Each structure stands twice: as structure tokens, then as C-alpha cells.
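Quick mapping for you: the protein sequence lines, in order, are chains A and B. Going by this note's numbering, the residue at position 43 of the first sequence is 227; the numbering climbs one at a time, nothing skipped. Going by this note's numbering, the residue at position 2 of the second sequence is -9; the numbering climbs one at a time, nothing skipped. No residue lacks a Cβ here, since even glycine has one placed at the ideal position from N, Cα and C. If you're wondering where the values come from, they're calculated on a predicted model, not measured in any experiment.
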Amino acid sequence: EPEVTQTPSHQVTQMGQEVILRCVPISNHLYFYWYRQILGQKVEFLVSFYNNEISEKSEIFDDQFSVERPDGSNFTLKIRSTKLEDSAMYFCASRAGYTEAFFGQGTRLTVV
Amino acid sequence: DQQVKQNSPSLSVQEGRISILNCDYTNSMFDYFLWYKKYPAEGPTFLISISSIKDKNEDGRFTVFLNKSAKHLSLHIVPSQPGDSAVYFCAASPTNFGNEKLTFGTGTRLTIIP
């Protein structure tokens, strides 16, 4: 069964450093998303991406965040200068169109 | 701004009995609702969905009921099995196509007691 894969599974970084979280969506999907879940809280939408551009972004997705689909298969989330409050599980998701969103297993980001 | 609410943070049910998880929403624009199941250290896994033109959708042991006038949906699992122990998230979006984002509830931790 096709799945969304994310790497790394866990990333520890120092405050102020840049991180790149990587995702390989399901191959025939068209719509891509990043969500995050701070420990003990709900899953929150960050950004949606379609046709090589951002469709919608939340208030969380400020200038420190960016997304890219560099090669037609990978979908990346970059945080330019990490803050302690960026510590969370980050989930990539993709969908074909009239289907539910499929989520990856997540990347746990710990900012120290 | 909690547009999707799951008021029970946890629920314990005996194996074999029915588990009922509830979800309320406030945004009238929501027309498509989903339930996801999440195990620790894994991503959410899709369980079942329902669009607003229906009031019930069934898939094996899982049934979702939608009461649009009350802005309420529920997930019934019967019979409950130990492998059902997980966190269940209700999610909603305005449509089920295109690049609509999902708005999630806070989750209910379901524990099935053998």
C-alpha cells in the first residue's frame, strides 16, 4: 500500500539553527500539506501546496517557514531559525483530490 | 478558536462493548468530516469519513453518525477490540476535494480494557 514517508524520524537542533524536514508524498497525489502537533495539543494546519505554490498558510507559518517541492517527488519544510516553541511533531500529508489525506509517520523536532 | 471540539479527553471501554466517541463543531461551512486514529509515534491514520449529504456511514466495525442541525458527529466502534486503543481525532473541512485543509479536534484517548 502506498504511503507518505518522512525523514528524519527525530531531529534535535540548537535554537537559531536551520532545519529541513523531508517528505515523499504518495506518487499520484496532487495536494500536499504540513501539519504539526505540539505535545498534548491538537494537530494544527501549517500550509497547503498545490501546483508548485502555496495554496493556504496558517498564522503559525510565518517568514521563518518555507516549503519546496524541488524535484517532483520530495516535499520539504524549512525552518530558518528555530525557536524553542517550534518543538513539535511535524506531519506531512498528501491527497489525490476526492480522497482523504494520508499522513506520514511524522518527524519529532526538538529544539534545545 | 476551537472550531472542532472533542470534549472527552479519554474514554475506557470493556472489550466487546461499544465505544462511542463524540465531536462537536461550530463552523457552518464544514461539510466533510473524518475520523483519524493515531498510535504513539505514528501519524494519523484515516478511519472513516462522512459528507453532509448523509447522516450515517458504515465501514465494518466503524460507523459515523452526523447530526448537521446539532453540529455533532459521533464514531461508534462495535465490538471494541484491544487494538482499537489509540487517540481518535475528529477532523472537518469545507469540502472533500481540492486542497482544503483539515481542522482537527483535540482528540480522545480510547482505552479498551481486556
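Supposed close pair residue i, residue j - CB separation, criterion 8 Å
i: F286/A; j: R279/A; result: 7 Å
i: L10/B; j: T97/B; result: 5 Å
i: L91/B; j: A75/B; result: Actually they do not touch by this definition, with Cβ atoms about 18 Å apart.
i: E284/A; j: S40/B; result: With a Cβ gap of about 12 Å, E284/A and S40/B do not count as contacting.
i: E4/B; j: I66/B; result: Incorrect: roughly 11 Å between the Cβ atoms, too far for contact.
i: V227/A; j: F51/B; result: V227/A to F51/B, Cβ: 20 Å. No contact.
i: Y217/A; j: V196/A; result: Not really, about 24 Å apart at Cβ, beyond 8 Å.
For residue j and residue i, the rounded distance between their alpha carbons
i: P68/B; j: Y282/A; result: 30 Å
i: T34/B; j: D73/B; result: 12 Å
i: V203/A; j: Q(-5)/B; result: 33 Å
i: C12/B; j: C79/B; result: 6 Å
i: D44/B; j: H61/B; result: 11 Å
i: K57/B; j: R220/A; result: 28 Å
i: Q158/A; j: P254/A; result: What the structure shows of chain A is the stretch from 185 to 296, and residue 158/A is not part of that stretch, so it cannot be assessed.
i: K241/A; j: Q(-9)/B; result: 18 Å
i: V53/B; j: L268/A; result: 39 Å
i: P(-2)/B; j: S63/B; result: 14 Å
i: S1/B; j: G256/A; result: 44 Å
i: I42/B; j: T260/A; result: 36 Å
i: H194/A; j: V295/A; result: 11 Å
i: Q70/B; j: D48/B; result: 15 Å
i: P186/A; j: P29/B; result: 21 Å
Cβ neighbour criterion (16 or more within 10 Å) applied to residue i
i: L223/A; result: exposed
i: Q289/A; result: buried
i: N85/B; result: buried
i: A272/A; result: buried
i: D270/A; result: buried
i: P209/A; result: buried
i: N212/A; result: exposed
i: S17/B; result: exposed
i: G200/A; result: exposed
Chain-ordered residues of the region 52 to 68 of chain B with a beta carbon less than 9 Å from chain A: Within the region 52 to 68 of chain B, no residue has its Cβ closer than 9 Å to any Cβ of chain A.
Interface residues of the region 234 to 265 of chain A facing chain B [CB-CB below 7 Å]: Y234, S239 and E240
Cβ contact (3+ pairs, closer than 8 Å) linking the region 240 to 249 of chain A and the region 258 to 268 of chain A: yes
Contact set between the region 270 to 288 of chain A and chain B, restricted to residues whose Cβ is under 9 Å from the partner: Along the region 270 to 288 of chain A, the positions whose C-beta sits under 9 Å from a C-beta of chain B are M273, F275, C276, A277, R279, G281, Y282, T283, E284, A285, F286, F287 and G288, read in chain order.
Proximal residues, the region 37 to 52 of chain B versus chain A, C-beta separation under 8 Å: S38
Members of the region 90 to 101 of chain B near chain A, C-beta cut-off 9 Å: K90, L91, T92, F93, G94, T95 and G96
Proximal residues, the region -10 to 3 of chain B versus chain A, C-beta separation under 7 Å: none
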